[in-house]
Amino acid sequence: MLAAISVSDPFGAFRMQTLLDYLERNAKSKGESIQTNGKGGAGRGLHHIINSSDLVVFNVRENAKTEVIAFFNLDPGAKDESPRQFHFFSE
């Protein structure tokens, strides 16, 4: 059985390259401070969501909406160490 949590915003400005940059920066940091200058954070929240979920789906409608859906496998027999996945859809 899967449980899902969805959040969205009315902007549609999130880009796949931003996600990849955040994930790479967090993977390389090994827990060190990685705060960036300027707008936004360091992507730690997104990194944590992807690491804690079984699947994360990003749906972006440019200049209209960004939706992020995190799926969690609640099956007690599921593997705890299954690979984390994310999918990014943009229109």
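So for the sequence shown, numbering that gives the first Met the number 0 puts the first residue at 0; every next one is plus one.
Glycine included, every Cβ here is placed at the ideal spot set by N, Cα and C.
> In the DSSP assignment, what are the bridge partners of HIS86?
Replying inline: Here residue 86 refers to the residue found at position 87 when the sequence shown is read from its first residue. Partner(s): VAL56.
> Is the beta carbon of ILE49 less than 8 Å from the beta carbon of VAL55?
Replying inline: Numbered from 1 along the sequence shown, position 50 holds the residue referred to as residue 49. Numbered from 1 along the sequence shown, position 56 holds the residue referred to as residue 55. Their beta carbons are under 8 Å apart, which means ILE49 touches VAL55 by this criterion.
>> Rounded to whole angstroms, what is the Cα-Cα separation between HIS46 and LEU73?
In response: Numbered from 1 along the sequence shown, position 47 holds the residue referred to as residue 46. Numbered from 1 along the sequence shown, position 74 holds the residue referred to as residue 73. Cα to Cα, the separation comes out at about 21 Å.
> So what does DSSP say about ALA26, is it helix, strand or coil?
Replying inline: Within the sequence shown, the letter at position 27 stands for residue 26. Residue state, collapsed to three classes: helix.
> How many angstroms separate the CA atom of PRO82 from the CA atom of ALA26?
Replying inline: Numbered from its first residue, the sequence shown carries residue 82 at position 83. Numbered from its first residue, the sequence shown carries residue 26 at position 27. In a straight line, the C-alpha of PRO82 is about 15 Å away from that of ALA26.
> Helix or strand or just coil, what does DSSP make of LEU73?
Replying inline: Taking the first residue of the sequence shown as position 1, residue 73 is located at position 74. Note: LEU73 maps to coil in three-state DSSP.
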